[in-house]
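Position in the sequence shown (from 1) plus 3 gives the number in the numbering used here.
From the three backbone atoms N, C-alpha and C, an ideal C-beta is built for every residue, glycine too.
Read the structure below first, then the notes.
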Amino acid sequence: MTDPLQGWQPAPAGHKHVVSISLGNSTRNARETVTVLGQPFVIERLGTDGDAAKMAALFRALDGRVDAFGLGGADLYVIAGGKKYVFANVRKLVANARQTPVLDGSGLKNTLERDAIAQLDGLLQWRTQKVLMVSAVDRFGMAEALSEHGADVVYGDIVFGLNLDRPLRSIGSLRRVAGLVLPVITKLPQDWFYPTGAKQEQSVEGKGTRYYAWADVIAGDTHYAKRYAPQNLQGKTILTQTITAADREWMKARGVRRLITTTPRMGQRNFATNVLEAMFVALSGGREALSGPQYLDYIRQVGFKPEINDLD
4 MTDPLQGWQP
14 APAGHKHVVS
24 ISLGNSTRNA
34 RETVTVLGQP
44 FVIERLGTDG
54 DAAKMAALFR
64 ALDGRVDAFG
74 LGGADLYVIA
84 GGKKYVFANV
94 RKLVANARQT
104 PVLDGSGLKN
114 TLERDAIAQL
124 DGLLQWRTQK
134 VLMVSAVDRF
144 GMAEALSEHG
154 ADVVYGDIVF
164 GLNLDRPLRS
174 IGSLRRVAGL
184 VLPVITKLPQ
194 DWFYPTGAKQ
204 EQSVEGKGTR
214 YYAWADVIAG
224 DTHYAKRYAP
234 QNLQGKTILT
244 QTITAADREW
254 MKARGVRRLI
264 TTTPRMGQRN
274 FATNVLEAMF
284 VALSGGREAL
294 SGPQYLDYIR
304 QVGFKPEIND
314 LD
């Protein structure tokens, strides 16, 4: 393997450095300099094109040289129905990070995304909306918040994850399915059910495509939403997090009316929750994930709000 840090530069003196190492496509790489609560940051994303060995090598090479790692394209764990389910194979991928904390965004999803749903109620009036969550078990906070605000939701975990036309129509059904399948899924390789590398740019229309036509809002992970989408998304709203300029153009070309991101734009893009969670941990000076109230406190201090973009 070539030097994983070839061409890489550490942050300037006085800056904190957050690096998100992702199983995703390297064409989405980015490096931005921002200031948060008076602290200068270099925020960086390094994709490995689905190469698990390269990911492990990057964690090893950068351990102790940056302030916090984000983990992209995979989850260390998910929180569903109040329980924590750990992905054993992903934990092995990050085992080389012994000094620098690794954050996958799960803690922030459970706080920031719940908060975003509440903030958006005045604009969208969730009780009037039909919402498709292509995958919900990895964003249980958003799933529960949509249910609490009275949205008509289809949770597509079985439809898209297992290619079975069995939509889940209640948060109770989602909790039951999560309790049954997550103990099994967390023992499987992540790329069996989440697109990595080149798969992130491939579209697959199948049994679930018709639910896009039914929905007013498509919510959840950007890659999932794009992977299963039909050509025509005329008039739809997409609610997601990490977005690049290319994603915006893709949405415009398919007729998406409105794009809402739960994470703010930093420089030229919206970074994922794993990046922001790592940033908050670096700000705190800690070496592990923060509590929900601590994340919410930082969200309030920074003033994070959903970003609303009219694309038509």
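- In this model, Y158 and V305 are separated by some 31 Å (Cα to Cα).
- A contact between stretches requires three or more CB pairs, one per stretch, nearer than 8 Å, and the stretch 114 to 126 fails this requirement with the stretch 92 to 100.
- Look at Q42 here: in three-state DSSP terms it is strand.
- The DSSP-derived three-state label of K87 is strand.
- Apart from the 5 residues on each side of it in sequence, L127 sits with its Cβ closer than 8 Å to the Cβ of V220 and T240 in its chain, given in chain order.
- If you check the CB distance, R117 and G153 do not come in under 8 Å.
- Within the stretch 47 to 93, the complete beta strand (DSSP E) segments at least 3 residues long are 71 to 75, 80 to 83 and 86 to 89, listed from N- to C-terminus.
- Under the DSSP assignment, L185 falls outside any beta strand (DSSP E), being part of the alpha helix (DSSP H) whose first and last residues are I174 to I188.
- The stretch 224 to 249 is shown to contain whole alpha helix (DSSP H) runs of 4 or more residues at 225 to 230, in chain order.
- Between S150 and I174, the C-beta gap is smaller than 8 Å, which places the two residues in contact.
- Under the three-state reduction of DSSP, V220 is assigned to strand.
- Spatial neighbours of V93 in its own chain (CB-CB distance under 7 Å, excluding positions within 5 residues in sequence) are listed in chain order as A77, D78, L79 and Q193.
- Judged by DSSP secondary structure, S23 falls outside any alpha helix (DSSP H) and instead within the beta strand (DSSP E) spanning K19 to S25.
- When DSSP reads this structure, V37 sits in a beta bridge with F44.
- In this structure, the straight-line span from the alpha carbon of R261 to that of N312 is close to 6 Å.
- Remark: three or more beta-carbon pairs, one from each stretch, lie closer than 8 Å, so the stretch 20 to 35 and the stretch 264 to 280 are flagged as touching.
- Judged by beta-carbon spacing, K190 lies within the 8 Å limit of A91, meaning their Cβ atoms are closer than that value.
- For R272, the CB contacts under 8 Å within the same chain, skipping 5 residues up- and downstream, are A33, E35, T245, I246, T247 and A248 in chain order.
- Burial of T51 is indicated by the presence of at least 16 other C-beta atoms within 10 angstroms of its C-beta.
- DSSP places L293 outside both helix and strand once states are collapsed to three, so it counts as coil.
- For K133, the beta-bridge partners assigned by DSSP are D155.
- Per DSSP, L262 is one residue of the beta strand (DSSP E) stretching across R261 to T264.
- Taking the Cα positions, D107 is about 10 Å away from V81.
- Runs of the alpha helix (DSSP H) lying entirely within the stretch 93 to 125 and spanning at least 4 residues: none are present.
- The beta carbon of L299 is closer than 6 Å to those of T114 in its chain, skipping five residues each way along the sequence.
- M254 is not bridged by DSSP to any residue.
- According to the DSSP assignment, D313 belongs to no alpha helix (DSSP H) but to the beta strand (DSSP E) extending over E310 to D313.
- The distance from the Cβ of T264 to that of T243 is about 6 Å, consistent with a contact at the 8 Å cut-off.
- In terms of Cβ geometry, A139 and L177 form a close pair [threshold 8 Å].
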